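Once you know that position 439 of the sequence shown is 439 in this note's numbering, the rest is easy, because the numbers rise by one and skip nothing. Glycine residues also receive a C-beta, built at the ideal position from the N, C-alpha and C atoms. Quick caveat, the model's predicted, so the values are computed rather than measured. Data block below; observations after.
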Amino acid sequence: MISAKRAIPALFIIYFLSGFTALLYQVVWQRMLGLFSGSDVRSVTIVVASYLLGLGVGGWLGGWVSDRLSNRQAIQIYGCCNFGIAVFAVCSRFLFYDLLFLQGKFLAQFPAIMLAIVFVSLLIPTTLMGVSLPLVSKATSRHAEGAAARIGLLYGLNTLGSGLGTLVSGWYIIGTFGYEKTVYLGAMLSAVVGIIAWSISRQFQSDRPASVAPDRTNLPLRSRSLWQWCFLVFLSGFAAISLEIIWFRILDTVLQSIAYTYAHLLAFILVGNALGSIAGAATIRFIRQPRKVFFAIQASIAAYSLISIWLISIYWQSHPTDLRTDIGYIDLNNITPIVIFRYIVIPLVMLVLPNFLLGFYFPLVQKAVQTEDSQIGQRVGLIQVANILGNTTGSLLTGLVLLDRFGTAGSLRLIAWLGLGFALLCFNFKQDKLASLLAIALAIIIALFPNNTRLWAALHGIPAAQYFLAAEDSTGVAAVTEVNGQGTLLASGQAQASFPYMQVHALLGSIPALIHPHPVHIIVIGLGSGGTAHTAGVNPATRQIKVVELLGAELTVLRQYAQTPNGQPLKYLFEDPRYQFIIGDGRQELELSQQQFDIIEADAIYPWRSRAGMLYSQEFFQAVRSHLAPGGMFVEWNVGLGTAQTFRSVFPYVMQLAMSGDLHVLIGSDRPVDFNRQRLLTKLEDVAVQNFLAKASVNVEAIRQDVKAAQVKFYSHARDGRSQPINTDLFPRSEYYLNQG
Numbered sequence: 001m002i003s004a005k006r007a008i009p010a011l012f013i014i015y016f017l018s019g020f021t022a023l024l025y026q027v028v029w030q031r032m033l034g035l036f037s038g039s040d041v042r043s044v045t046i047v048v049a050s051y052l053l054g055l056g057v058g059g060w061l062g063g064w065v066s067d068r069l070s071n072r073q074a075i076q077i078y079g080c081c082n083f084g085i086a087v088f089a090v091c092s093r094f095l096f097y098d099l100l101f102l103q104g105k106f107l108a109q110f111p112a113i114m115l116a117i118v119f120v121s122l123l124i125p126t127t128l129m130g131v132s133l134p135l136v137s138k139a140t141s142r143h144a145e146g147a148a149a150r151i152g153l154l155y156g157l158n159t160l161g162s163g164l165g166t167l168v169s170g171w172y173i174i175g176t177f178g179y180e181k182t183v184y185l186g187a188m189l190s191a192v193v194g195i196i197a198w199s200i201s202r203q204f205q206s207d208r209p210a211s212v213a214p215d216r217t218n219l220p221l222r223s224r225s226l227w228q229w230c231f232l233v234f235l236s237g238f239a240a241i242s243l244e245i246i247w248f249r250i251l252d253t254v255l256q257s258i259a260y261t262y263a264h265l266l267a268f269i270l271v272g273n274a275l276g277s278i279a280g281a282a283t284i285r286f287i288r289q290p291r292k293v294f295f296a297i298q299a300s301i302a303a304y305s306l307i308s309i310w311l312i313s314i315y316w317q318s319h320p321t322d323l324r325t326d327i328g329y330i331d332l333n334n335i336t337p338i339v340i341f342r343y344i345v346i347p348l349v350m351l352v353l354p355n356f357l358l359g360f361y362f363p364l365v366q367k368a369v370q371t372e373d374s375q376i377g378q379r380v381g382l383i384q385v386a387n388i389l390g391n392t393t394g395s396l397l398t399g400l401v402l403l404d405r406f407g408t409a410g411s412l413r414l415i416a417w418l419g420l421g422f423a424l425l426c427f428n429f430k431q432d433k434l435a436s437l438l439a440i441a442l443a444i445i446i447a448l449f450p451n452n453t454r455l456w457a458a459l460h461g462i463p464a465a466q467y468f469l470a471a472e473d474s475t476g477v478a479a480v481t482e483v484n485g486q487g488t489l490l491a492s493g494q495a496q497a498s499f500p501y502m503q504v505h506a507l508l509g510s511i512p513a514l515i516h517p518h519p520v521h522i523i524v525i526g527l528g529s530g531g532t533a534h535t536a537g538v539n540p541a542t543r544q545i546k547v548v549e550l551l552g553a554e555l556t557v558l559r560q561y562a563q564t565p566n567g568q569p570l571k572y573l574f575e576d577p578r579y580q581f582i583i584g585d586g587r588q589e590l591e592l593s594q595q596q597f598d599i600i601e602a603d604a605i606y607p608w609r610s611r612a613g614m615l616y617s618q619e620f621f622q623a624v625r626s627h628l629a630p631g632g633m634f635v636e637w638n639v640g641l642g643t644a645q646t647f648r649s650v651f652p653y654v655m656q657l658a659m660s661g662d663l664h665v666l667i668g669s670d671r672p673v674d675f676n677r678q679r680l681l682t683k684l685e686d687v688a689v690q691n692f693l694a695k696a697s698v699n700v701e702a703i704r705q706d707v708k709a710a711q712v713k714f715y716s717h718a719r720d721g722r723s724q725p726i727n728t729d730l731f732p733r734s735e736y737y738l739n740q741g
């Protein structure tokens, strides 16, 4: 029998590769399921929680099974798990996209049903992933003594693979090959892991020592200390995922989040966690009081997180950026110091140290709980389940409740109070001055930490004396600031529009409504400043206007701003009985609707922003066309990156209007669009139209001049042929523009 020592390095390598594929799958499957469940915060939170719950089920099952197996059997089952993951990955496009989204999207309107469907659909692969750690831990550790270091190293290498997997997939693989081919690549890698696992399993022993004989694996887990550690790890998992949600919310504002941002930031978190676990594995033999160090780590994480966020906000406020031009676009030919500072320095400062500490305590806990040779796998599984249950609870409670009730600043304070509790448990205060200093420092930070409005003003780069109105809920952060009588709407840190309404928004809303002869029913996806939605009601024939906005905080802040002199037009908008405002995913709202509309307008975000591809894909345009009444029009601004070509691939007749402010408006229909310049000018002379636009503080004469100077281009399939689609649901090239040459 060849010694297992020769096979263990190979096992470590493939376990690293397992981590690489796991995060590759997570990034892709979250996007695919987002099409079914919606891209609002509630739906995203449900998907993440379901993923975590599946891992928890796997951890429990792996812990229960692993101690009943020989080392060889454990490795073989680990290999089989990867074969199963590979098979599921090959089928995942059909399940998540073809079946759930294309055929069953109506089920997503019921939250409980959606949660159940998402959880069940992810249960197989996530359970197989969760099983792995207890299996591999048991296979490489036959005795509890010394097991903590090896288990910590395994966990660290797997997490390091996860960090590199999300980095490489986020910046290169997905943007180069698309979601479908990416998941097939993951399936191939999982199959390779399975093959190698089976090939090296023969080098592991097929028997079990007496200390782990079958009759001892049934020993009850009655250790009081073990269950105490499970509770402590649960609390730590709760705080960790809560901080992660808050970190992403803050960095989404600071970085002006684009399609690459999520994977980029997640890589910092995972790599920091991995390095911490590897460091902990290397030093665990020197730590004699694991519980004391654990408490100190938790308190330090809370203190550092608040201090780093506070200092970054202070720096950002003293070094404001130009909100009008800061749109998050990255030009690889012009990498400025501010881009490097945002994408490298700030994530390093905010994310690496606390996640290093979170990783460091994993082998620490293993040292404390691994006291029984016959229960190594079970104890690994229990700690894993406790951590994941904390993660799941934190993601649901913080993502859906705490941020909604207390905002980012209030939620951070709650986490700091939990950290203070750990600090109070940390030492004997009569004998250890460090404990007193840590507790006092946390108490001072909690007392002095800025409130929500002050924090977000700083993170937006708004001077303390400048007007700033903010609203935050579970969907995100929105704000309005004023300088010299001009207001600016800020959505997730990005300047969306100005007050009074910008001319481009007045044109986007009013011109299509006046071109259409009878626009009775209109739906607008995207509220923004309200300018497009408001002016879309200019035609007296219009009876209903639905406005769907993903960022609920935006509606809140606009209602508040409507009470100010500069926000007076918004007051008229909200008082108009024809308008219905809906908080949710605009695409999902449209596709679930049984209604047909005369005008559908997507006043959408820039196409390189995260998840923008859902509103620029060929499939979305096809869904829009199916909800247009005969002669109805779809309106969207042409922002390049394949938008016009994809647009023209779906609508038989397309008109493009080039107007002031570098505005290019695309109007698609099932019949030729009649742009009658003189008729438009006549409609603009109508008293009702002029009165409506006057209440909206829109310059009618400026619109008249734009109509006179508009450049018109027509496109039709009959004359020009059918363009090839560019952006699809499963390959949103506009989002991943850096990979498209």
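Specify the secondary structure class of Y97 as computed by DSSP and reduced to three states.
The count along the sequence shown starts at 1 and reaches residue 97 at position 97. Correct three-state label for Y97: helix.
Can you check whether the CB of S121 is closer than 7 Å to the CB of G19?
Position 19 of the sequence shown holds residue 19. Position 121 of the sequence shown holds residue 121. Not in contact: G19 and S121 (Cβ atoms no closer than 7 Å).
Grab the span of the alpha helix (DSSP H) containing V168 for me, first residue to last.
The count along the sequence shown starts at 1 and reaches residue 168 at position 168. From DSSP, the alpha helix (DSSP H) with V168 extends over A147 to V168.
In chain order, what residues of the same chain lie with their CB nearer than 7 Å to the CB of V352, ignoring the 5 residues before and after it?
Mapped onto the sequence shown, residue 352 falls at position 352. If we look at V352 and ignore the five residues flanking it on each side, its Cβ neighbours are F268 and G272.
With hydrogens ignored, establish whether the beta-carbon of P125 is closer than 6 Å to any heavy atom of the ligand ADP.
Among the components of this structure there are no ligands whatsoever, and the ligand ADP is therefore not found.
How many angstroms separate the CA atom of I287 from the CA atom of I383?
In the sequence shown, residue 287 corresponds to position 287, counting from 1. In the sequence shown, residue 383 corresponds to position 383, counting from 1. Taking the straight line joining both Cα atoms gives about 19 Å.
Given a threshold of 16 other Cβ atoms within 10 Å of its Cβ, counted over all protein chains shown, does D603 qualify as buried or as exposed?
Locating residue 603 in the sequence shown gives position 603, counting from the first residue. The residue is buried, with at least 16 neighbouring Cβ atoms inside 10 Å.
So does the stretch 497 to 509 actually touch the stretch 528 to 541, counting three or more Cβ pairs closer than 8 Å?
By the Cβ rule, the stretch 497 to 509 counts as touching the stretch 528 to 541, because three or more pairs are nearer than 8 Å.
Counting only the same chain and skipping the five closest in sequence on each side, list residues whose C-beta sits under 6 Å from that of G79.
As a working note, residue 79 is residue 79 in the sequence shown. Cβ within range, chain order: G194, A197 and W198.
Can you give the beta carbon distance from G390 to F248, rounded, assuming they're within the 8 Å contact cut?
If you number the sequence shown from 1, residue 390 lands on position 390. If you number the sequence shown from 1, residue 248 lands on position 248. Not a contact, Cβ separation roughly 18 Å.
Quick one: Cα of L147 to Cα of L364, how far?
Indexing the sequence shown from 1 puts residue 147 at position 147. Indexing the sequence shown from 1 puts residue 364 at position 364. This sequence places Ala at residue 147; Leu is not what is there. Using only the alpha carbons, I get a separation of about 11 Å.
Give the secondary structure of Q466 by DSSP, where H, G and I count as helix, E and B as strand, and everything else as coil.
Here residue 466 is taken as the residue at index 466 of the sequence shown, counted from 1. Q466: coil per DSSP, three-state reduction.
Can you tell me whether K500 is helix, strand or coil according to DSSP?
Walking along the sequence shown from the start, residue 500 turns up at place 500. Sequence check: residue 500 is Pro here, not Lys. Looking at P500 - three-state DSSP - the assignment turns out to be coil, as it is neither helix nor strand.
For S610, which residues of its own chain have a beta-carbon under 8 Å away from its beta-carbon, when the five flanking residues on both sides are left out?
Within the sequence shown, residue 610 is the residue found at index 610, counting from 1. For S610, where only same-chain residues beyond five positions count, the Cβ hits under 8 Å are S257, I258, A259, T261, Y262 and E735.
Within 10 Å of its beta-carbon, does N727 have 16 or more other beta-carbons around it, so buried, or fewer, so exposed?
In the sequence shown, counting from the first residue as 1, residue 727 sits at position 727. Buried is the call here.
Rounding to the nearest angstrom, what Cα-Cα distance links G567 and D598 in this structure?
Translated into positions along the sequence shown, residue 567 becomes position 567. Translated into positions along the sequence shown, residue 598 becomes position 598. Roughly 29 Å between the two C-alpha positions.
Going along the chain, which residues of its own chain have a beta-carbon closer than 7 Å to the beta-carbon of C81, five neighbours each way excluded?
The residue given as residue 81 occupies position 81 in the sequence shown. L128, V131 and S132, listed in sequence order.
What runs of the beta strand (DSSP E), each 3 residues or longer, lie entirely inside the stretch 504 to 564?
Within the stretch 504 to 564, the runs of beta strand (DSSP E) at least 3 residues long that lie entirely inside it are, in chain order, 521 to 525 and 544 to 549.
Pull up the distance between the alpha-carbon of T564 and that of L424, whole angstroms please.
Along the sequence shown, read from residue 1 onward, the residue named residue 564 stands at position 564. Along the sequence shown, read from residue 1 onward, the residue named residue 424 stands at position 424. Rounded to the nearest angstrom, the two C-alpha atoms are 47 Å apart.
May I ask you to report which of helix, strand or coil DSSP gives R704?
As a working note, residue 704 is residue 704 in the sequence shown. In this structure, DSSP gives R704 a helical state, which the three-state scheme calls helix.
State the start and end residues of the unbroken beta strand (DSSP E) segment that holds L628.
One-based indexing of the sequence shown puts residue 628 at position 628. It spans L628 to W637 - the beta strand (DSSP E) in which L628 sits, taken as one unbroken run.
Between the stretch 621 to 629 and the stretch 695 to 712, do three or more beta carbon pairs fall short of 8 Å?
no
Alpha carbon to alpha carbon, what distance is there between A282 and L641?
Numbered from its first residue, the sequence shown carries residue 641 at position 641. Numbered from its first residue, the sequence shown carries residue 282 at position 282. Their backbone Cα atoms lie some 49 Å apart in a straight line.
Mind pulling the alpha helix (DSSP H) runs of 4 or more residues that sit fully within the stretch 345 to 380?
353 to 369
What residue does the alpha helix (DSSP H) around Q645 start on, and which one ends it?
Start at 1 with the first residue of the sequence shown, and residue 645 comes out as number 645. Unbroken alpha helix (DSSP H) run through Q645: T643 to V650.
What's the call for G377, buried or exposed, on a 16-neighbour Cβ count within 10 Å?
Within the sequence shown, the letter at position 377 stands for residue 377. Flag for G377 reads buried.
Are the stretch 31 to 48 and the stretch 575 to 595 touching, with three or more C-beta to C-beta distances below 8 Å?
yes
Using 8 Å as the Cβ pair cut-off and three pairs as the minimum, do the stretch 105 to 124 and the stretch 151 to 165 touch?
no
Is the Cβ-Cβ distance between L402 and S395 less than 7 Å?
On the sequence shown, residue 402 is found 402 positions in, with the first residue counted as 1. On the sequence shown, residue 395 is found 395 positions in, with the first residue counted as 1. No; because the gap between Cβ atoms is not below 7 Å, this pair is not in contact.
Between the alpha carbons of L438 and L358, how many angstroms are there, rounded?
Position 438 of the sequence shown, counted from the first residue, corresponds to residue 438. Position 358 of the sequence shown, counted from the first residue, corresponds to residue 358. For L438 and L358, the distance between alpha carbons rounds to 18 Å.
So what does R609 bridge to, in DSSP terms?
Counted from its first residue, the sequence shown places residue 609 at position 609. Per DSSP, I258.
Classify I278 as buried or exposed, calling it buried when 16 or more other Cβ atoms lie within 10 Å of its own Cβ.
Counting from 1 along the sequence shown, the entry for residue 278 is found at position 278. With 16 or more Cβ atoms within 10 Å of its Cβ, I278 is classed as buried.
Output the boundary residues of the alpha helix (DSSP H) element that contains M655.
Residue 655 sits at position 655 when you count from the first residue of the sequence shown. Not the alpha helix (DSSP H): M655 falls in the beta strand (DSSP E), residues Y653 to M659.
Once you ignore the five residues that flank I307 on each side, which residues in its own chain have a CB closer than 8 Å to its CB?
By 1-based counting over the sequence shown, the position of residue 307 is 307. Excluding positions up to five away in sequence, the list reads I445.
Can you tell which of P630, H627, A629 and V635 has the C-alpha that lies nearest to the C-alpha of A616?
Translated into positions along the sequence shown, residue 616 becomes position 616. With the sequence shown as reference, residue 616 is identified as Tyr, and Ala is not the correct amino acid for it. In terms of CA proximity to Y616, V635 leads the group P630, H627, A629 and V635.
Using a 10 Å radius around the Cβ and a threshold of 16 neighbouring Cβ atoms, would you call F647 buried or exposed?
The residue labelled residue 647 in the question sits at position 647 within the sequence shown. The residue is buried, with at least 16 neighbouring Cβ atoms inside 10 Å.
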